[in-house]
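Residue numbers are given in this note's numbering: position 129 of the sequence shown equals residue 614, and the series is strictly consecutive.
Every residue gets a Cβ at the ideal spot worked out from N, C-alpha and C, and that includes glycine.
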Amino acid sequence: MIDPDGFRPNVGIVLMHEDGRVFWARRVRRDGWQFPQGGINSDETPLEAMYRELQEETGLQPRHVDVLGATPGWLRYRLPPHAIRHRDRLVCIGQKQVWYLLRFKGSEADLQLDLTETPEFDGWRWVHFWYPLDHVVTFKRTVYARALGHLAPMARDVAGVLAIPEPAMPAPLRSGHAPRR
Numbered sequence: 486m487i488d489p490d491g492f493r494p495n496v497g498i499v500l501m502h503e504d505g506r507v508f509w510a511r512r513v514r515r516d517g518w519q520f521p522q523g524g525i526n527s528d529e530t531p532l533e534a535m536y537r538e539l540q541e542e543t544g545l546q547p548r549h550v551d552v553l554g555a556t557p558g559w560l561r562y563r564l565p566p567h568a569i570r571h572r573d574r575l576v577c578i579g580q581k582q583v584w585y586l587l588r589f590k591g592s593e594a595d596l597q598l599d600l601t602e603t604p605e606f607d608g609w610r611w612v613h614f615w616y617p618l619d620h621v622v623t624f625k626r627t628v629y630a631r632a633l634g635h636l637a638p639m640a641r642d643v644a645g646v647l648a649i650p651e652p653a654m655p656a657p658l659r660s661g662h663a664p665r666r
């Protein structure tokens, strides 16, 4: 499903440990790391899609998490030109996402990346809340900054200000605009 502007509806998941660290996963057969995310089916709400993607990508069930909050409305990012499939009937130029902050309340044994025939991830670790801003692929950095910036106050309510300090990022990213090169 692609909207009239060329964006695919999607959910992003920030799974947070009680201490403020977040779940960071490595894409299968790639060097890239990211948060779990995935498309919203036409018969799903964003919340339903989030729970489905959570289970497919991490093996976690609703009982393993608490939903702490979500971004209001859609956050968008564009795909780099080489990733756009211009031959498709409906051309997708990017993703529009609702991001969810979840508190992890399961055990690490509950995390299973291989429950589907085509797993998304083959490794994971817990990282500092702001770590993904410097380590996700470049074209997703602005949307990650906006999502984490919005979710940070909710995360601080659980983990505390010391665990999730103000981000050390350039002013252009805090405002949601990437620096020009």
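Measuring CB atoms only, is the segment 602-613 touching the segment 557-572, in the sense that at least three cross pairs come out at less than 8 Å? Contact fails: fewer than three Cβ-Cβ distances are below 8 Å.
Should E538 go down as buried or exposed, given a rule of 16 or more other Cβ atoms within 10 Å for buried? The residue in question, E538, is buried, as its Cβ has 16 or more Cβ neighbours within 10 Å.
Please name the residue, chosen from L636, A653, M535 and A568, that lies closest to P553 on a Cα-to-Cα basis. The question names Pro, but residue 553 is Leu in the sequence shown. When each option's Cα is compared against that of L553, the closest is L636.
CB P494 to CB K625, shorter than 7 Å? No, Cβ-Cβ distance for P494 and K625 is not below 7 Å.
In the DSSP assignment, what are the bridge partners of Y585? Paired residue(s): I498 and A555.
Distance, Cα to Cα, V643 vs D504? Using only the alpha carbons, I get a separation of about 8 Å.
Helix or strand or just coil, what does DSSP make of P624? Strictly speaking, residue 624 in this sequence is Phe, with Pro absent from that position. F624 falls in the helix class under three-state DSSP.
Based on the DSSP output, what are the partners of Q522 in its beta bridges? Q522 is bridged to G497.
Coarse secondary structure for V507, derived from DSSP in three states: Strand at V507.
Using three-state DSSP, classify Q546 as helix, strand or coil. If DSSP states are grouped into helix, strand and coil, Q546 belongs with coil.
Check whether the segment 581-592 touches the segment 543-550, counting contact only when three or more Cβ pairs, one atom from each stretch, lie closer than 8 Å. Under the 8 Å Cβ criterion, the segment 581-592 counts as touching the segment 543-550, having at least three qualifying pairs.
For A656, collect the residues of the same chain with a Cβ closer than 8 Å to its Cβ; drop the 5 residues on either side in sequence, then sort them by chain order. Only weak support is given to the placement of A656: the predicted model assigns it a pLDDT of 48, under 50, and the value that follows is read from those uncertain coordinates. Nothing listed; no residue qualifies.
To which residues does DSSP link L532 through a beta bridge? Per DSSP, L532 has no beta-bridge partner at all.
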